[in-house]
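These notes are about the structure you will find just below.
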Amino acid sequence: MKKSLSLLLALCLCALSLFGCAASPEDSITVYNWEDYIDPEAIDLFEEETGIHVNYVRFTTNEEMYIKLERGGASYDVAFPSDYMIERMIANDMLTPLDHEKLPNLANNAQWLQDPAYDPGCAYSAPYMWGTVGILYNTAVTGGPIDSWGAMWDVKYKKNVLMMDSVRDSLGVTLCYLGYDLNTRDSAQLEAAKQKLLEQKESGVLLAYGVDEIKDKLVGGEAALGLVWSGDAMTSMALNEDLAYCVPKEGSNVWADGMVIPKGSKNVDGAHAFIDFMMRPEIAAMNSEYIGYSTPNTGALEILGEDYLSDPTFNPPQDVLDRCSFFHDVSDAAKLYNDIWIEITAN
Ligand code: N2P
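Start counting at 1 in the sequence shown, then tack on 1, and there's your number in my numbering.
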């Protein structure tokens, strides 16, 4: 008995020295996701079931995420870019093709995201959430519904408007307000949008640029209007009954975020396991409910039920979707967008 115990101990020690005590890359993955964009419980459940440890790192905008990945250095196993950024990452050969054999739950996604224009056949990305961009506003201040981007320039809301510190979102909605395409590469149109955004600052209507804090400020009554993504509107409206959301009549952006495996991933199998886990109906429903964003997962939608399906913020009616368009990678014009953005947000 004693002998076999010591033999077992020796075997264990041997195994430890072979594989090392620290977690090997096969035991962990690094996930790079937006702020406030997952139920932490979903990560715990994944870790418990698979034994794979998740290093969870957050970003605020697509551009921040892109620069981090482009610079290299750190390696990420799963990232969550939006449509136009997926397009750019595919074009720049930054993504690992997905092995659909390892993603049986991909079939749960709605038809309209089975073959998205930004990634035909979902070759590099698995849909995660989708939504619109609009205005979250305090009806106690506005006194009623609003329906135009013009409200965000209205001097009656002086020091009361929050814009998004996100180049495509803020420029995109301003282009819509001016009647231009939100994917324009026309420098005169972009210049007009820049002037419009500068005017919003100079007139004193703009309170600040921000991203994730916009929803908290609206909930706390510290601003009257904010540019937000629909899921943040959902969670905010649940916390403050004076808040409402609109997708203005001049049009806006509809977007979809996907899960991708950046080149340089050290655990491609673990990454596939994580992506597939997030597409299980019950996990997708859990995430969607927690973060307020719309899941494209048909099984999850069944679980969430009529309350969600009938909510126009969560599930926008066709007339709203008809006036929204997807962002596309503006390729050569990306530098112009960024230069304009630096000028607008400087001081
Ligand atoms: C949530 C981030 C939402 C991503 N904070 C919008 N594409």
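Beta carbons are placed, not taken as given, at the ideal position from N, Cα and C, and that holds for glycine.
A quick note: this is a predicted structure, and the numbers were derived from the prediction, not measured.
For Phe60, the beta-bridge partners assigned by DSSP are Trp35. Closest in alpha carbon position to Asn184, among Tyr33, Ala347 and Ser332, is Ser332.
When DSSP states are grouped into helix, strand and coil, Asp312 belongs to the coil group. Inter-residue distance for Leu219 and Glu27 is about 43 angstroms (C-alpha atoms, whole angstroms).
For Leu107, same chain residues with a beta-carbon under 7 angstroms away, outside a window of 5 residues either side, are His101, Cys123, Ala127 and Met280 in chain order. Ligand 1 never approaches Asp330 closely enough for any of its heavy atoms to be under 7 angstroms from the residue's Cβ. Contact between Ser326 and Val255 holds, since their C-beta atoms are separated by about 7 angstroms, short of 8 angstroms. Burial check for Gln201: the Cβ neighbour count within 10 Å reaches 16 or more, so the residue is buried. For Ser83, the CB falls within less than 7 angstroms of some heavy atom of ligand 1. For the region 243-323, the full-length alpha helix (DSSP H) segments reaching 4 residues or more read 269-279, 282-292, 299-305, 307-310 and 319-323 along the chain. Between Val212 and Asp166, the C-beta spacing is below 8 angstroms.
As for any beta strand (DSSP E) of minimum length 3 sitting wholly inside the region 111-159, the runs are 127-139, ordered along the chain. Secondary structure note for Gly227: its beta strand (DSSP E) is the uninterrupted segment Leu226 to Trp230.
Taking every protein chain shown into account, the CB of Lys195 has 16 or more other CB atoms within 10 angstroms, so this residue is buried. For Met86, the enclosing alpha helix (DSSP H) has its first and last residue at Asp84 to Ala92. Contact check for Val134 against Val79 fails: the beta carbons are separated by 8 angstroms or more. Residue burial annotation: Lys336 is exposed, with fewer than 16 other C-beta atoms found within 10 angstroms of its C-beta. Taking the Cβ of Tyr38 as the reference point, at least one heavy atom of ligand 1 falls within a distance shorter than 7 angstroms. Take Trp35, set aside five residues on each side of it, and the residues of its chain with a beta-carbon closer than 8 angstroms to its own are Arg59, Phe60, Thr61, Phe81 and Asp258, in chain order.
Contact annotation: Asp243 and Asn139 have beta-carbon atoms nearer than 8 angstroms.
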